[in-house]
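What follows is a single structure, written as C-alpha cells, with notes after it.
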Amino acid sequence: MTRNRALVYVEHPDKGIEPAKHFKVADSEIDLDGVALNGGVLLKTLYVASDPYIRYRMREPHLPSFCPPIQLGDPVDNSGVGVVLRSEDPKFKPGDYVAGYLEFAEYAVYPGKIVHGYKMPLTKVDKVPGVPLSIYVGTLGMPGTTAYQGIKYFASEKLKSAKKMFVSGGAGAVGTFVIEYVKHIAPHVKIIASAGRPEKIQILKEVGADIAFNYKDEDTKKVLEANGPIDVYWDNVAGPTLDAALKNLSDGGLIIACGAISQASHDENSVVRYFDEVFKRSLTVRGFAVYQGESAAVVPKFYEEIVPLVMQGKITSREQRYNGLENAGKALADVHVGANVGKPVIVVAEE
C-alpha cells in the first residue's frame, strides 16, 4: 500500500479563502498494483493549478453558477498534468504524460470526469523542448486556451482596425497570453495593461504592454482618459475597473468579459455603476466560458497554432511554484489577493 495524500474541501467560505479553515490535507492508502481501473487509467499527479474561478466553485451546492460546486468532503479538482502508471484504456500506456481535470491527490483513477455538464477527457501531451510539463496548466492549459478562445473568436476582426486595447489583470496567465498573442496577430494595436504589484508591472512590460500601470497607485479611469479611447477591453476583474473602461471606450467598442474576480465574494465595492454606457456608446459585450458555447469552435486549433509560438519564444510562460499538497491551500488563496507572481502551480511530484 502507498500513501495517497489529497487536499479535501471541508467548509464553504463567506468571503475570502482561508486555507486552514476551508481545506484539509488528508492521507489515505492506495494499492497501485491492485486498484480497479474500470477501463480507465491510474495516474500519478505531477502538477495541478490554482485558478481564480475556483472561488466560484466554493459555494453551497444549491447556489447556481456557471461552474459546478466542489462538494464538501471531496478533493479539490482542477486542471493538472500526470503520468500514467497503469492503463486499461487503449489510448494510453504507462509512461504517457496526460493533461486533464485532475484531483488534488497524489494518485487517482480516471475513467473521465463530468465537469460543466460534459465529460472532460484526458489528453496525451508531449514535452515542449525547454519548458516544464507544468506549462500544460498555464500557457498551454486552461488559461492559455481561455485567452486564445476569447481573442480568436470574438476579437480577430475588431483588432484589424482597432488602435488601442486595455487588459485588466494583465500579469496573470490569461492576461500575459492575451497581450503577447494580440501583439503577434495585431502588432499595430497599442496595449494598456494593469496589475497590482511592482513585480507584475515589470512582467507587463516584458510581455509587450505599451503602457503598464499599478491600479493600486494610479486611478484607472484617469489612465484611460489620458491614453484612450480604447477600442477593445479584455475584462478579467469587472467592478470599478469595468466602470473605468465603460467611460473610456470608443463608440462601437468591444468588451470581452472573461472574468469578474472582484465580484466572486460579492463585495459591495465591486458593483458596476456605468453599464448604461453600453447603449450610449453602442458597445458590444461578449461573455464566455472556456470550452463552452459557440466560441469553443476555435479551441481545436489551439495547440497547432500556439505550440510553435511557445517554441519560438513569442508566447512565454512564468510560474510561481508551491511545493506539496500541504501548500495547495495557500496557492488557492494567493491568486485571489494578488499575492502570486506568475501562474500558481502546485507541484505534487517532480517529473
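Numbered per my numbering, the sequence shown spans residues 900 to 1250.
Where is the CB? At the ideal position from N, CA and C, for every residue including glycine.
As the structure is a prediction and not an experimental result, all values here were calculated from the model.
DSSP on residue i, reduced to helix/strand/coil?
i	result
V1014	Any reading at V1014 must be qualified, since the residue scores a pLDDT of 46, below 50, and its modelled position is unreliable; the value itself is stated next. Strand, per DSSP.
L1031	In the sequence as displayed, the identity of residue 1031 is Pro instead of Leu. Looking at P1031 - three-state DSSP - the assignment turns out to be coil, as it is neither helix nor strand.
Y1202	helix
A935	coil
R956	helix
F1187	coil
Y1132	strand
N1265	What is shown of the chain runs 900 to 1250, which leaves residue 1265 out entirely.
N977	strand
P1042	helix
F1065	strand
P951	coil
S1149	strand
Y1000	strand
S964	coil
Y1221	strand
L984	strand
Y1047	helix
V1197	helix
Determine the extent of the alpha helix (DSSP H) in which residue i is found, giving its start and end residues.
i	result
F922	Careful: F922 lies outside any alpha helix (DSSP H), inside the beta strand (DSSP E) at 922-929.
L1123	1119-1126
P1139	1138-1145
K1023	First-last for K1023: 1022-1024, but that is the beta strand (DSSP E), not the alpha helix (DSSP H).
V1246	No alpha helix (DSSP H) holds V1246; the beta strand (DSSP E) holding it covers 1242-1246.
I1078	1072-1084
F1112	Note, F1112: premise wrong, no alpha helix (DSSP H); beta strand (DSSP E) at 1110-1113.
L1058	1055-1060
K1179	1176-1179
Which value, in whole angstroms, describes the spacing of the CA atoms of residue i and residue j?
i	j	result
K1012	Q1191	For K1012, the pLDDT reaches just 49, beneath the cut-off of 50, and the residue's location in the model is therefore unreliable, leaving the point undetermined.
I1245	A1054	32 Å
L931	M900	7 Å
E1079	E928	44 Å
K1051	S964	25 Å
I953	V1081	27 Å
G1241	T1215	11 Å
T1044	S1033	15 Å
K990	G999	14 Å
P1207	I1084	14 Å
P960	K914	16 Å
G933	G939	13 Å
G1016	D988	Residue placement at G1016 cannot be trusted, given a pLDDT of 45 that sits under 50; what the coordinates show is reported in the next sentence. Their Cα atoms are separated by approximately 22 Å.
R888	I916	Within the shown structure, residues of the chain are numbered from 900 to 1250, placing residue 888 beyond reach of any answer.
A1159	A1125	25 Å
V1014	D995	With a pLDDT of only 46 at V1014, under 50, the local geometry of the prediction cannot be trusted, and no value is derived from it.
K1229	V909	15 Å
L941	D926	18 Å
T1119	P1243	26 Å
P1128	V1171	19 Å
I1155	A1196	17 Å
H911	P1086	44 Å
A1007	G972	16 Å
K1062	L1148	12 Å
L1058	L1021	34 Å
P1028	M1041	20 Å
Indicate whether residue i and residue j have their beta-carbon atoms separated by less than 8 Å.
i	j	result
P993	R985	yes
V1131	G1152	yes
V997	K1023	yes
V1189	Q1048	yes
A887	E1005	What the structure shows of the chain is the stretch from 900 to 1250, and residue 887 is not part of that stretch, so it cannot be assessed.
L1224	V924	yes
L1145	Y1173	yes
A1108	L1123	no
F1187	S1194	yes
V1234	S949	yes
K1104	A1111	yes
A1070	K1099	yes
L906	A1238	no
G1037	E1250	no
V1198	W1133	no
P1276	N903	Nothing can be reported for residue 1276: it is not among the residues displayed for the chain, which extend from 900 to 1250.
P967	R956	yes
A1232	P1031	no
I1205	L1039	yes
Could you give the first and the last residue of the continuous beta strand (DSSP E) run that contains residue i?
i	result
A1092	1089-1094
K1104	Where K1104 is concerned, there is no enclosing beta strand (DSSP E), although the alpha helix (DSSP H) it sits in stretches over 1097-1105.
Y1006	1006-1009
Y908	901-908
Determine whether the Cβ of residue i lies closer than 8 Å to any Cβ atom of chain B.
i	result
T944	Absent from the structure: chain B. Only one protein chain is present.
Inset, instruction - Decide yes or no for the touch test of the stretch 1175-1182 against the stretch 1206-1223: beta carbon pairs closer than 8 Å, at least 3 of them. - result: Taking a contact to require three or more Cβ pairs closer than 8 Å, the stretch 1175-1182 and the stretch 1206-1223 do not qualify as touching.
Inset, instruction - Determine, using beta-carbon pairs with one atom in the stretch 1066-1081 and one in the stretch 1089-1098, whether at least three such pairs fall under 8 Å. - result: These segments touch.
Legend entry - Inter-stretch contact (C-beta, 8 Å, three-pair minimum) for the stretch 968-982 and the stretch 930-949: A contact exists between the stretch 968-982 and the stretch 930-949.
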